[in-house]
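Under the numbering used here, the first residue of the sequence shown is numbered 1, with each subsequent residue one higher. Every residue, glycine too, gets a C-beta built ideally from N, C-alpha and C. One structure is given below, encoded as structure tokens.
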Amino acid sequence: MKNTISILFVTVCFLFVSSTIINLDRWDYEYSNFIDIRGLNSKVFWIKGEQRGIVALFKNKDINGLIFEITFGLYNNKHTQLRTEYTRSAVNETSHPALLLNAKEFKPYWIEWNGNKIVLGDGMVPGSGQTTLSGVNTIMDDIQFNYLGIRTSSIPVSYILELSTCRKN
Numbered sequence: 001m002k003n004t005i006s007i008l009f010v011t012v013c014f015l016f017v018s019s020t021i022i023n024l025d026r027w028d029y030e031y032s033n034f035i036d037i038r039g040l041n042s043k044v045f046w047i048k049g050e051q052r053g054i055v056a057l058f059k060n061k062d063i064n065g066l067i068f069e070i071t072f073g074l075y076n077n078k079h080t081q082l083r084t085e086y087t088r089s090a091v092n093e094t095s096h097p098a099l100l101l102n103a104k105e106f107k108p109y110w111i112e113w114n115g116n117k118i119v120l121g122d123g124m125v126p127g128s129g130q131t132t133l134s135g136v137n138t139i140m141d142d143i144q145f146n147y148l149g150i151r152t153s154s155i156p157v158s159y160i161l162e163l164s165t166c167r168k169n
């Protein structure tokens, strides 16, 4: 009997996005990229920038579908804030360094969601990491998140998002 060796190749596809939206006169809600997250309950991504890396969860691919927005590196990279679009106010905020941006290298973060609650943290595995921030959308109960959107304000920010995993035999 011969020994059989099976090799599994896993290809992970990534999207690199360098987002620069400059509009100093007004706060601009132009999300340039939407990633389909239907059927998922978490997402891992990497951000590099001086301040204001913005990630949001949407029901639709437009501003009316915005449900949660997370701003990494708010106030000159001193805070990370989670808010709901419906109230336009912070649900939760932290100044912990693990959830702030780095201008020189990409840092991994994750978001996990269930119903009307989301949790975000640092690291490459959802639910892991030393620091987490959570929030609840009190306006809506059973929320269906369909898209993840990214944007910045007046400062260039770069993102890396995992698009899908592929399996080859």
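Let's test the definition: count the other Cβ atoms within 10 Å of the Cβ of residue i and tell me whether it reaches 16, buried, or not, exposed.
i    : result
N172 : Only positions 1 to 169 of the chain appear in this structure, which leaves residue 172 out of reach.
E105 : exposed
A103 : exposed
I139 : exposed
I22  : The predicted position of I22 is uncertain, since its pLDDT is 36 and thus under 50; no value can be drawn from it.
R83  : buried
Y31  : buried
Residues in the same chain with beta-carbon distance under 6 Å from residue i, minus the five sequence neighbours each way, listed in chain order, please.
i    : result
K117 : V136
L100 : G73 and N77
Rounded to whole angstroms, what is the Cα-Cα separation between residue i and residue j?
i    : j    : result
K59  : I35  : 12 Å
K48  : I63  : 24 Å
N114 : D142 : 8 Å
H79  : D122 : 14 Å
F45  : I54  : 12 Å
S153 : E112 : 24 Å
L148 : A56  : 6 Å
R151 : N33  : 8 Å
L66  : T132 : 22 Å
E162 : K43  : 8 Å
By Cβ distance, which residues of its chain are closer than 7 Å to residue i, with the 5 residues on each side in sequence left out?
i    : result
Q144 : K59
S6   : A caution first: S6 carries a pLDDT of 33, below 50, which makes its placement in the model unreliable, though a value can still be read off. None.
Secondary structure at residue i, three-state DSSP: helix, strand or coil?
i    : result
N33  : strand
A103 : coil
P97  : helix
L161 : strand
L216 : Any property of residue 216 remains undetermined from this structure, which presents the chain solely from 1 to 169.
Please go through the same chain and pick out, in chain order, the residues whose beta-carbon is closer than 8 Å to the beta-carbon of residue i, but skip the five residues on each side of it.
i    : result
G129 : A98, W110, G121, D122 and G123
Check whether chain C comes within 8 Å of residue i, counting only Cβ atoms and requiring the distance to be less than that.
i    : result
N137 : Structure shown: chain C not included; a single protein chain is present.
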